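Here the sequence shown is numbered in our numbering, starting from 1378 and rising by one per residue.
For each residue, glycine too, the CB sits at the ideal point set by N, CA and C.
In this text, all values refer to a predicted model and were calculated from it rather than measured experimentally.
All remarks here apply to the structure that follows.
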Amino acid sequence: MPPPYSVLYNVMTPPSSVFTNGVICMELARQLCDSQFVSLAIRCLKKAKETSVVALPIVSVLLGQAEASLGSKVKWEKNLRLEWFSWPPEMRPAELFMQMHLLSIQGSVSSDSSSSVEFCQSPQSWILRAIHLNPSCLRYWKVLQKFMGVTSGM
């Protein structure tokens, strides 16, 4: 039986509304630990991506995260790379650099991993760029500390 919030997904809604519905479903999945909401989020985010005239920011990253939640690392990688190239270099958000850091330390599942963008920089470089863009994000600093093997009271 579909979750009671299935009314959030409507094929006739504009892409931005479907995107918003996907984000809401992801948050509900996180709060309620319910994979049905992840599946619903994937449907919403795919629909937003397909029906949007212009690329909506962050859709591919969220779609990749949702698909990874259901066990598809390959789809996460694919969507993350799509998101990377959809942003002008000077406008890429800090979270995208953080995700690239995660991708670079995970190692690639794809067959052509040596030419992938995440291997153009070291994992440390990715996280440092995220910190440079958003130095107030404590999570990025914690990842850097863990990566460097430093422990503190942060």
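- For Pro1500, the closest alpha carbon among the candidates Thr1428, Gln1483, Lys1450, Leu1433 is that of Gln1483.
- Apart from the 5 residues on each side of it in sequence, Lys1426 sits with its Cβ closer than 6 Å to the Cβ of Val1436 in its chain, given in chain order.
- The three-state reading of DSSP puts Gly1448 in coil, since its state is none of H, G, I, E or B.
- Taken in chain order, the complete alpha helix (DSSP H) segments of 4 or more residues contained in the stretch 1501–1530 are 1515–1525.
- One alpha carbon belongs to Arg1516, the other to Ile1504, and they sit about 10 Å apart.
- Here Pro1392 carries a helix assignment [DSSP, helix/strand/coil].
- The alpha carbon of Lys1523 has as its nearest neighbour, out of Ala1418, His1478, Leu1457, the alpha carbon of His1478.
- Counting only runs that start and end inside the stretch 1455–1484, the alpha helix (DSSP H) elements of at least 4 residues fall at 1471–1483.
- Taking 8 Å as the cut-off, the Cβ atoms of Met1475 and Ala1507 count as close.
- Counting of Cβ neighbours within 10 angstroms places Phe1462 among the exposed residues, the total staying below 16.
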